[in-house]
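Beneath this line is the structure, given in structure tokens, with notes to follow.
Written out as structure tokens, the structure is:
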């Protein structure tokens, strides 16, 4: 990963020569080894904590700052409100019988309920598997079956595909429950059963750093999609490398507004946008889908300072003539990931946001 921190590069420090202990078997030569250490300070990593505790650890420093902005409605949630609603959802999940180690599936576009559910599940030691809401019924049920999810949280428009998928797959109402964040169809519950629970009813749960907290699935580029177990420790370690310490890779602050148009069901957006922003106290502008005109208007209105993008989105920003009609001067940092960004395309976008620092972050998931 390329660090986008604007600090002066320093030469690594060479440790004293280390001569390894000779092997038991006689050897004709003994190699000399060196350990190279950066002169930059070590990053403190609080990976002994549960993920939700780590992400909200600095809550008292910015309780009233805007945490979530719903792009489609303009509704906002402060950090304290986001934390409280996550607690309520945690209690609600417990009231429905979910317990430590159980899996819930989020079949959602970007929305605040995604965040409340993900963090709430963490609070009771449950695991969240994230799925693309545009999957076919077969694809959803394959992931549901593989993850053994007991609850799906989704939108009513996706419920039809979750009816009867055949004898080889779980049955709605028997093997899993269904909650919708909007008006619930038959056999479904409304999200309010979670969000209106009493936060004081969260069960006391002992969470080990090596317990699973997330189960995203690979894209299946070179084979069938596979679940990737991410622990509290691994996600915290990844986020800490990005935003903690004196020399983080991403200098996010509580003054930032981070664009979240990339889907949260993908690890790039979940990790480098949502979790990093929660930890740093940065606001997150949620967009359910990419529409160039809407995107530009929201960037201008909410003074987005950090734009997390992918090369196809960079292409739209670099080439679409609509861009010239909007003020993008608030953008100070552009993060491109999921695939390499070519030099020509980067320079084309740079000409439109010359004040911004650019960084490619497509290797971040390999850190977890």
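Residue numbers (full-length UniProt numbering): 1 to 368.
For each residue, glycine too, the CB sits at the ideal point set by N, CA and C.
- Where residue 109 is concerned, there is no enclosing alpha helix (DSSP H), because DSSP gives it neither an H nor an E.
- The shortest C-alpha to C-alpha distance from residue 306 to any of 344, 294, 264, 260 is the one to 260.
- Residue state for residue 65 is assigned as coil, using DSSP reduced to three classes.
- About 5 Å separates the beta carbon of residue 51 from that of residue 122, a gap short enough to meet the 8 Å contact definition.
- For the 8 Å CB-CB criterion, residue 150 and residue 211 do not form a contact.
- For the region 129-202, the full-length beta strand (DSSP E) segments reaching 3 residues or more read 151-154, 177-180 along the chain.
- Secondary structure at residue 279: helix, using DSSP grouped into helix, strand and coil.
- Within the region 266-316, the complete beta strand (DSSP E) segments at least 3 residues long are 283-286, 306-309, listed from N- to C-terminus.
- Approximately 7 Å separates the beta-carbon atoms of residue 282 and residue 257; this is inside 8 Å, confirming the contact.
- Contiguous beta strand (DSSP E) elements confined to the region 215-257 do not occur, taking only those with 3 or more residues.
- Relative to the Cα of residue 279, the nearest Cα in the group 55, 346, 48 belongs to 55.
- Taking residue 38 as reference, the option from 90, 291, 247 with the minimal CA-CA separation is 247.
- If you look at residue 80, you'll find it in the alpha helix (DSSP H) that goes 79-95.
- By the neighbour-count criterion, in which 16 or more other beta carbons inside 10 Å mark a residue as buried, residue 48 falls on the exposed side.
- Per the C-alpha coordinates, the member of 128, 134, 255 positioned closest to residue 330 is 255.
- A direct Cα-to-Cα measurement between residue 42 and residue 132 gives close to 37 Å.
- For residue 328, there is no enclosing beta strand (DSSP E), since its DSSP letter is neither H nor E.
- Here the alpha carbons of residue 195 and residue 75 stand approximately 16 Å from one another.
- In this structure, residue 274 lies near residue 264, with their beta-carbon atoms less than 8 Å apart.
- Per DSSP, residue 53 lies in no beta strand (DSSP E) segment; the continuous alpha helix (DSSP H) that holds it begins and ends at 51-55.
- Ranked by how close their Cα comes to the Cα of residue 230, the residues 221, 214, 245 have 214 in first place.
- One Cα belongs to residue 285, the other to residue 138, and the distance between them is close to 32 Å.
- Under DSSP, the beta-bridge partners assigned to residue 357 are 333.
- Each residue's CA atom was taken as its position, placing residue 336 and residue 327 some 20 Å apart.
- Sixteen is the threshold: since fewer than 16 other Cβ atoms of the shown chains lie within 10 Å of the Cβ of residue 321, the residue is exposed.
- Below 8 Å, enough C-beta pairs join the region 340-350 and the region 311-325 to call them touching: three or more.
- Within the DSSP bridge table, the entry for residue 259 names 285, 307 as partners.
- Nearest neighbour of residue 271 by Cα position, chosen from 202, 119, 146, turns out to be 119.
- For residue 343, the enclosing alpha helix (DSSP H) has its first and last residue at 343-350.
- The alpha-carbon of residue 104 is positioned some 9 Å away from that of residue 93.
- Pairing residue 163 with residue 304, the inter-Cα distance amounts to about 40 Å.
- For the pair residue 298 and residue 71, the CB atoms are nearer than the 8 Å cut-off.
- Rounded to whole angstroms, residue 90 and residue 116 show a C-alpha spacing of 8 Å.
- Judged by their CB atoms, residue 153 and residue 216 are not nearer to each other than the 8 Å cut-off.
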